[in-house]
Structure formats: structure tokens, C-alpha cells
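Enquirer:
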Amino acid sequence: MRIGAQPWMALAMGCGLAAVQSQSLAGPLLSQADPLPKPSASLLRSLDRFERDLKLLDQTLPTQPPKTRPTASTSSASEREVLLSLQAPAPGAIPSAPQAVAVRRQVQLSLPLALEVAVRNDPELAEQVAAVQERQGWLSSVR
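Numbered according to the numbering used here, the sequence shown spans residues -1 to 141.
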């Protein structure tokens, strides 16, 4: 075979030879890979702090599913009245246009009370809270 007659043949043979050589060199290197190093103490401490912070955040949500009536955690009669007055409208009664919504009054609530109202009035949020509690239970049972 003449090299000048079929230049593509020489190129193909050269590529094939290079591929075989790279596989023979890479094989031992890949099979002798070092094991992963152990995590550092500072990384483990950081992960522990992160987990502790997540638990604290999760504790801000109510632990019991919301009830239609005020719970015993409500401290005063005025808060109970506010809870009873903050009922969500029926799904069909919600206006479709934002301009149709009128704010009749503003109420200041504590964070636990605001969370209770939000979870009680939003079924999707109540499902998410239940899912988080389920994962927390699963996580604590694994440990």
C-alpha cells in the first residue's frame, strides 16, 4: 500500500493506534484510583450546625394539624375572636381579578397564630406541612 494513494487510511490507522494506546495506559490508572478521603472535622461540624438550624426552622411550624376552631395555644379571647373571623372564603367565592379584592381590615398576628391561620385556610399548605412532618418522623426513626 502506498501512503500517498489513500491518505484517509493512514489517518484512520493512526487514530485506531492512538485509541488502543490510550486505553492500555488509562486502564491501570483508573483501576488504581485512590479511595475518597475522610471528611474533615470542620465539614462535619458545619453539617451538624446546618442540621440543627433546619430542625429549629421546622419547629416554627405548628406540630398539630390545624383545627377549624382556635386551639389551646391561643392565649387571649381577642386572639380567639380574630381566629374565628379569619375564615377562608369558599373556593367559588374567590374573585378572579385582583382588582375585585378589597381589604376590609388589617390584623396584626403573632407568627404562630399567622401560621395557624395560613395552614388552616390553605389545603395545599396543610398538605406540605403534613409531608414535612412525615419526613421528620422518618428521619428520626432512621437515626
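A virtual CB, placed ideally from N, CA and C, is assigned to each residue, including glycine.
Is it buried or exposed for VAL117, if we count other Cβ within 10 angstroms and need 16 for buried?
Expert: Taking the sequence shown and counting its residues from 1, the one referred to as residue 117 is at position 119. So VAL117 ends up on the buried side.
Enquirer: Please list the terminal residues of the continuous alpha helix (DSSP H) segment that includes ALA39.
Expert: Residue 39 sits at position 41 when you count from the first residue of the sequence shown. Residues 39 to 56.
Enquirer: Are the region 79 to 98 and the region 45 to 60 in contact at 8 Å, needing three or more beta carbon pairs?
Expert: Because the criterion of three Cβ pairs below 8 Å is not met, the region 79 to 98 and the region 45 to 60 do not touch.
Enquirer: Is there contact here, the region 35 to 44 with the region 77 to 88, by at least three beta-carbon pairs under 8 Å?
Expert: Too few Cβ pairs lie closer than 8 Å, so no.
Enquirer: In angstroms, rounded to a whole number, what distance separates the CA positions of VAL127 and ARG50?
Expert: Working through the sequence shown from its first residue, we reach residue 127 at position 129. Working through the sequence shown from its first residue, we reach residue 50 at position 52. Cα-Cα distance, rounded: 19 Å.
Enquirer: Going by other Cβ atoms of all chains shown within 10 Å of its Cβ, with 16 needed for buried, is LEU137 buried or exposed?
Expert: On the sequence shown, position 139 is the one that residue 137 refers to. Its Cβ having fewer than 16 others within 10 Å, LEU137 is exposed.
Enquirer: Considering Cα atoms alone, identify which of PRO87, THR58, GLN106 is closest to GLN131.
Expert: In the sequence shown, counting from the first residue as 1, residue 131 sits at position 133. Of the candidates PRO87, THR58, GLN106, the one whose C-alpha sits nearest the C-alpha of GLN131 is THR58.
Enquirer: Out of SER38, PRO89, LEU52, which has the shortest C-alpha to C-alpha gap to GLU122?
Expert: Locating residue 122 in the sequence shown gives position 124, counting from the first residue. Comparing Cα positions, the closest option is PRO89.
Enquirer: CA-CA distance, ILE92 and ARG103?
Expert: To locate residue 92, count along the sequence shown from 1; it is residue 94. To locate residue 103, count along the sequence shown from 1; it is residue 105. Distance between the alpha carbons of ILE92 and ARG103: 17 Å.
Enquirer: What do you get for LEU111, buried or exposed, if any count of 16 or more other CB atoms within 10 angstroms of its CB means buried?
Expert: As a working mapping, residue 111 is identified with position 113 in the sequence shown. Burial call: buried.
Enquirer: Excluding the 5 residues flanking ALA70 on each side, which residues of the same chain have their C-beta closer than 7 Å to its C-beta?
Expert: Numbered from its first residue, the sequence shown carries residue 70 at position 72. Here ALA70 scores only 45 on pLDDT, less than 50, and its place in the model should not be relied on; the value that follows carries that caveat. Counting only Cβ-Cβ distances below 7 Å, and skipping sequence neighbours, we find nothing.
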